[in-house]
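**Q**
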Amino acid sequence: RKEVEQDPGPFNVPEGATVAFNCTYSNSASQSFFWYRQDCRKEPKLLMSVYSSGNEDGRFTAQLNRASQYISLLIRDSKLSDSATYLCVVNLSPGNTGKLIFGQGTTLQVKP
Amino acid sequence: DTEVTQTPKHLVMGMTNKKSLKCEQHMGHRAMYWYKQKAKKPPELMFVYSYEKLSINESVPSRFSPECPNSSLLNLHLHALQPEDSALYLCASSQASANPWNEQFFGPGTRLTVL
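These protein sequence lines map, in sequence, to chains B and C.
Residue numbers for the first sequence follow our numbering, so the first one is 42 and each next one is one higher.
Residue numbers for the second sequence follow our numbering, so the first one is 240 and each next one is one higher.
1) Check whether the Cβ of C:Val251 lies closer than 8 Å to any Cβ atom in chain B.
2) Quick test of the definition: if touching needs 3 or more C-beta pairs under 8 Å, does the stretch 318-331 of chain C touch the stretch 51-70 of chain B?
3) What in chain C is Cβ-close to B:Leu88, meaning under 8 Å?
4) Can you tell me where the beta strand (DSSP E) holding B:Leu121 begins and where it ends?
5) Alpha carbon to alpha carbon, what distance is there between B:Gln150 and B:Arg100?
6) Looking only at its chain, what residues have a beta carbon closer than 8 Å to the beta carbon of C:Met252, apart from the 5 residues adjacent to it on each side?
7) Just to confirm my understanding: we take B:Asp48, look at its own chain, exclude 5 residues before and 5 after, and list those with CB closer than 8 Å. What are they?
8) For B:Gly136, which of C:Phe303, C:Ile295 and C:Leu313 has the nearest alpha-carbon?
9) I'd like to know if B:Phe143 contacts chain C, where contact means its C-beta is closer than 8 Å to some C-beta of that chain.
Structure follows, in structure tokens:
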């Protein structure tokens, strides 16, 4: 079983749609959780951290369920510029450095 | 300055060559990382340095040799690579503190082709 599992997609949605991505992780000792975004042939960039209380940043909402070991990302009112690969990321390290484990990524294509 | 730079952007090398990848950050971060990313796959952690000391080696073959000469620089020395080592090599940095929420900042990567 992979440590972090995501549906690879692709998700093809029209502009303005709401789309949800899900992710599960296997290690219950995971310390922290993130969604990163990676554009084609670019480096990953942090989209948002995912806290137990959930968090929202504009059109993006992330939720964490530690009991179910499940993470989600909701994108409302999709824009063309949201087209990218979204990586679910878990930090396994309790120390002073991160040991990030990446999911396979979910590809989103927003169409006009 | 929230930037991690990497050189070169592209590198083509033969299996008998020796080359080095370089990474630099000036954010005062004391944790630096090397990742390998194959096409259509997620990044995979290779090495972690904390305060210029190697703290994690994810069982990487010895033909990859990391070096952290100071707090701003991270190198990856390459020798006798195989064609399957062709990939995007990403460097990242973060604060080194007991805070698991520290963001890792990634450089643009070096795209390596081994012939």
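Glycine is no exception: its CB is placed at the ideal position from the N, C-alpha and C atoms.
All figures in this text were calculated on a predicted structure; none of them were measured in a lab.
**A** To lay it out plainly:
1) Counting from one through the second sequence, the residue named residue 251 of chain C turns up at place 12. C:Val251 does not count as touching chain B.
2) no
3) On the first sequence, residue 88 of chain B is found 47 positions in, with the first residue counted as 1. Those within 8 Å of B:Leu88 in chain C number zero; the least Cβ separation is about 11 Å.
4) Here residue 121 of chain B refers to the residue found at position 80 of the first sequence. B:Leu121 -> no beta strand (DSSP E), and no H or E assigned at all.
5) The residue you call residue 100 of chain B lines up with position 59 of the first sequence. The residue you call residue 150 of chain B lines up with position 109 of the first sequence. Roughly 16 Å between the two C-alpha positions.
6) To locate residue 252 of chain C, count along the second sequence from 1; it is residue 13. Once the five neighbours on either side are set aside, the close Cβ partners of C:Met252 are Lys258, Leu317, Leu320, Leu351, Thr352, Val353 and Leu354.
7) Sequence index remark: in the first sequence, residue 48 of chain B carries index 7 (1-based). Same-chain partners within the cutoff: Phe62, Asn63 and Thr147.
8) For this step, residue 136 of chain B is matched to residue 95 along the first sequence. Cα-wise, what sits closest to B:Gly136 is C:Ile295.
9) To locate residue 143 of chain B, count along the first sequence from 1; it is residue 102. So, interface residue.
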